[in-house]
Structures are given as C-alpha cells and as structure tokens.
Ligand code: NDP
Ligand code: 2IT
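In my numbering, the protein residues as written are 1154 to 1598.
In structure tokens:
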C-alpha cells in the first residue's frame, strides 16, 4: 500500500488505540482511497490525510436532567464536527447506552463521505448521548432533550451545524430539541432536520432512508440484469430505517420474511404485516415479540443475531454497527444470498464484508446505500431556505435521482480504479475525491 496511507494508518492506530469502531471505519476508508493517494503525491505535503482523519472539533459535555422521581441523572453528550469542507456540519444524533467517542467518530467520518456522495452542500458531523430512551416517560425524554440542547445550541445553527435523528432520535425527540433551541436563541430556523410537517419538516424525510436504500438496491440489481420483484428479503431492526425499507421492498414486489429488534426476531413466511409492525413500534413503542401474539402463524426467536441464519435473496441490515459477522455471512452465502445493502451504518464486520465480496455477492456499503436520509435532510434545508415545501412526489423523485446518482458515481469510480462491482471502493473513492479537492482549494485549515 501507499507509504503515506500506511504511515497515517499506523499513527491513527497509536493515537486512537481504544477507539475500535472509529479505527474500523477509518481502516476501510484509507485502504479504499490508497489508489487515489498514489495519483496525488501533493496530498502528503498538504497533510491531507492527517487532517481528513482528525475531526475539526469534538464537543463533550455533561447532560444533567431530573427523572420522574425527582432524582438528578447525568449523561454524557457528544457532538463531533468532523468536516466542513463541503458545507455546514450535518449528521444525526444517537441516543443509546452504547454511545461513546469511538462510535460518534466512526459515524462522523462515514457521514463526511456519505454527504459528499449525495452531491448536496453538506459537511459531516455526528452526535448523541449514552442516554437510554427505553423505559423513560415522555417527560423524562423531554427534560433530557432540553438539557442536551441547553449546551448544544451554542455550537449549532442553520449555517454551521444541522443535527437530525439516528438511533433513538425520531420525531418526538427532534420536536423537544427544536423547542428548546428556539427558546434559547429566540430564532425559528432550520437548525435541525426531521422536523414535524407543520413546522418546517420535509415530506418523505421519514421514509427517506428506507426508500433510498431500496432505490439504490434496485439500481445495483438492474445493472446485473436482475429484478427486485419476487425476491425474498430479511430486514433487521424495526425502527425508522427498517420499517420504510420493508415498505418500499414490498412495493417493489419483494417478500419481507423477517424483522427484528435488539431482543429477538420474528419470522412470517407469508410476508411481514407491516401495518402491525408500525402499530407496535411507532404507535405503542413496544417490542417486536408482541407481533407473534397478534399474528397467528408467525414465529419469534429470542436473540437479535439469529436473524442472519435465515435464508434470503436480499439481506438488508438496518439495525446497528457490527450486527452481521463472519458466521452470519457464511450462513447467508450458503443460502444463496444475491445482494446485501446496508441500511445501518457499518452493520457488517470487516470479515463479513470480505466474505460477501469474495463470494461475488452484490454489496452496497452504508455510506452509499443509506444516504437517502441525509439527502432528504439536505432537501429539507433547501426548502427551509426557500421558505417553501415541496410535495411528497417531488421530494421522492429527487431522492430517487440522488440515489441513482450515488450508485452511478460509485460504480464509475470502481471501474476507473480497475475493480468493477466493488462498491465499497467506489463509494469511498467517489466520496473522498470531492472532499479532498475542496480541502486542497481551501488551504491549510
Ligand atoms: P431506530 O432507533 O429507529 O431503530 C433502531 C433499530 O435497531 C431498532 O429496531 C433497535 O432495536 C435496533 N437496534 C438498535 N441497537 C441495536 C443493537 N445494539 N443490537 C440490535 N439491534 C439494535 O434507529 P434508525 O432506524 O434510525 O437507525 C438504524 C440504523 O440506521 C443505525 O445504524 C443508523 O445509524 C442508521 N441510519 C439511520 C438514518 C436515519 O435517517 N434514521 C440514516 C442513515 C443511517 P431496539 O428497539 O430493541 O433497540
Ligand atoms: O446516518 C445518517 O445518515 C443519519 N442518521 C441521518 C443524518 C441526517 O442528518 O439526516
């Protein structure tokens, strides 16, 4: 490998030794872009890779809030403002007990390239907290969100940093965060995306990541002369991304045979009843295990990972990082899986990803496949700036165009660098080139 890439990687391994998720994401990206660095020896003197791998700013802060019994609780809040080379920092906030600096940095770095791929003027960032929304009352979630924003508001803004949702952050949390931002600043502006439809949100943002995932999958299948219709899909998770991935898969004539949450998975060979999943997960905030009580003939198995042992034509991991490992990949290969498209960020372990590629499976990495969410966030920002809102059909058509464009850019870069169909390489290169060019033009910052 290129010496400059290798030395950057070695230094990163030393400096970030305990940040395993961040190193995992950075290693994949650096390996992919090595051939670009070969063509640009001027990047080394410009310290481009060292700058690319180091977030512009990391904010870490205390988030104190009061629970329903009156006791004060303290969580840790994060915002990693990774790169503003292409525009204001943009990326979601995650609320999950596992959140730490390594996870926020990995998500931030992925976001930089993902946002670049969308073609919209957005830099990359990510944030969140180790707060666990499960089992909390609305009042507790509200007080937590208000406290988080009481610190965050001074670091964000419609032209500086625009957060959105991710795991554990949906319409309810964005509402509480926006309300507090407005109260702290006195400004009603597009500082967050995923807002409610009556106060600046965009139609189709809720569906965007899942729908976009299927648009990209369709583009990838079409290139091989394959059709989505009639294929069996397994979708992990049952949150925002999973539900709308399943919805679009069904609209395309696929059968979704299983879905999951962190506790277990349900199988329904007739095809998942998505209205029932929405009722349980979106309305009742319940567990997927509830599905089998209301849907005779379906089956629940405890343990989230078991879902990848089920046979399918298309695997759509839409839950979390490293949810699909080498054992799962072997099972999928044995059952003849044709395509894997990542709705989640980095859901495949490096070993699983390698097996898919060696096995000739069509494999769309998250930064390309799940870019539809942030793409429509970008369109929400455009609509806010215009003080207009577009119809569902208009936003959906733009989303489809953007996903098609991402696929073509990744496919073209993969071909250009002599590895056709390697969409990991292609997406990393296509995303990186624009960021690198902008960084060079903007000087040593
Ligand atoms: P949600 O909070 O809506 O749903 C998350 C789903 O994943 C739930 O079913 C949850 O189960 C499951 N899950 C979460 N953590 C784990 C875990 N450690 N092990 C097993 N299952 C888990 O989040 P989203 O749907 O928004 O996000 C899902 C993935 O998609 C994440 O990787 C996110 O980064 C990515 N993504 C999200 C985008 C968006 O617009 N929302 C855009 C692009 C990517 P349970 O309820 O039991 O926790
Ligand atoms: O991972 C992601 O791309 C997101 N969570 C969406 C970010 C956004 O700003 O809409």
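We put the beta carbon where it would ideally sit given N, CA and C, even for glycine.
Less than 7 Å separating the beta-carbons of residue i and residue j?
i            : j            : result
residue 1235 : residue 1261 : yes
residue 1460 : residue 1389 : yes
residue 1532 : residue 1548 : yes
residue 1469 : residue 1398 : yes
residue 1185 : residue 1498 : no
residue 1505 : residue 1541 : no
residue 1592 : residue 1178 : no
residue 1355 : residue 1527 : no
residue 1374 : residue 1316 : no
residue 1524 : residue 1266 : no
residue 1298 : residue 1326 : yes
residue 1219 : residue 1211 : no
residue 1486 : residue 1512 : yes
residue 1114 : residue 1216 : Given that the chain is displayed from residue 1154 to residue 1598, the structure contains no residue 1114 and the question cannot be resolved.
residue 1191 : residue 1163 : no
residue 1345 : residue 1331 : yes
residue 1241 : residue 1276 : yes
residue 1484 : residue 1462 : yes
residue 1227 : residue 1208 : no
residue 1420 : residue 1385 : no
residue 1394 : residue 1411 : no
residue 1161 : residue 1201 : no
residue 1175 : residue 1255 : yes
Can residue i be considered in contact with ligand 2, in the sense that its beta carbon sits closer than 6 Å to one or more heavy atoms?
i            : result
residue 1319 : yes
residue 1548 : no
residue 1602 : Because the chain in this structure spans residues 1154 to 1598, residue 1602 falls outside the shown range and cannot be described.
residue 1526 : yes
residue 1587 : no
residue 1535 : no
residue 1605 : For residue 1605 there is no data in the structure shown, the boundaries of the chain being 1154 and 1598.
Check whether the Cβ of residue i sits closer than 6 Å to any heavy atom of ligand 1, and report yes or no.
i            : result
residue 1608 : The question about residue 1608 has no answer here: the residues shown for the chain are numbered 1154 through 1598.
residue 1391 : yes
residue 1130 : There is simply no residue 1130 to check, as the chain begins at 1154 and stops at 1598 in what is shown.
residue 1354 : no
residue 1398 : no
residue 1523 : yes
residue 1529 : no
residue 1492 : no
residue 1473 : yes
residue 1394 : yes
residue 1505 : no
residue 1362 : yes
residue 1457 : yes
Taking the alpha carbon of residue i as the point to measure from, which residue in the options has its own alpha carbon closest?
i            : options                   : result
residue 1368 : 1285, 1348 and 1400       : 1400
residue 1565 : 1576, 1555 and 1556       : 1576
residue 1570 : 1170, 1174 and 1189       : 1189
residue 1278 : 1491, 1287, 1258 and 1158 : 1258
residue 1287 : 1321, 1176 and 1472       : 1321
residue 1521 : 1370, 1545, 1447 and 1309 : 1370
residue 1229 : 1301, 1484, 1450 and 1392 : 1301
residue 1555 : 1168, 1365 and 1463       : 1365
residue 1417 : 1244, 1157, 1427 and 1443 : 1443
residue 1274 : 1585, 1243, 1255 and 1285 : 1243
residue 1361 : 1376, 1353, 1419 and 1318 : 1318
residue 1432 : 1420, 1447, 1421 and 1423 : 1447
residue 1539 : 1559, 1454 and 1311       : 1311
residue 1545 : 1496, 1358 and 1596       : 1358
residue 1413 : 1406, 1427 and 1407       : 1427
residue 1363 : 1205, 1495 and 1382       : 1495
residue 1306 : 1329, 1205 and 1324       : 1329
Output the residue ranges of the beta strand (DSSP E) runs that lie fully inside the stretch 1241 to 1287 and measure 3 residues or longer, sorted by chain position. Here the runs fully enclosed are 1242 to 1248 and 1277 to 1282.
Quick check for students: name the residue ranges of the alpha helix (DSSP H) that lie wholly in the stretch 1426 to 1499, counting only runs of 4 or more. The DSSP assignment places 1427 to 1431, 1443 to 1447 and 1479 to 1487 as complete runs of the alpha helix (DSSP H) inside the stretch 1426 to 1499, in order along the chain (cut-off: 4 residues).
What ranges does the alpha helix (DSSP H) occupy inside the stretch 1309 to 1346, keeping only unbroken runs of at least 4 residues that lie completely in it? For the stretch 1309 to 1346, whole alpha helix (DSSP H) runs of length 4 or above, ordered along the chain, are 1324 to 1338.
Pick out the complete beta strand (DSSP E) segments inside the stretch 1379 to 1421, 3 residues or longer, and give them in chain order. Counting whole runs of 3 or more residues, the stretch 1379 to 1421 contains the beta strand (DSSP E) stretches 1385 to 1389, 1408 to 1413 and 1417 to 1420.
Contiguous alpha helix (DSSP H) assignments of at least 4 residues, all confined to the stretch 1547 to 1576: The qualifying runs do not exist here; there are none.
At what residue ranges does the stretch 1161 to 1249 contain a whole run of the beta strand (DSSP E), taking only runs of 3 or more? Runs of the beta strand (DSSP E) lying entirely within the stretch 1161 to 1249, each at least 3 residues long, are 1210 to 1219, 1225 to 1236 and 1242 to 1248 in chain order.
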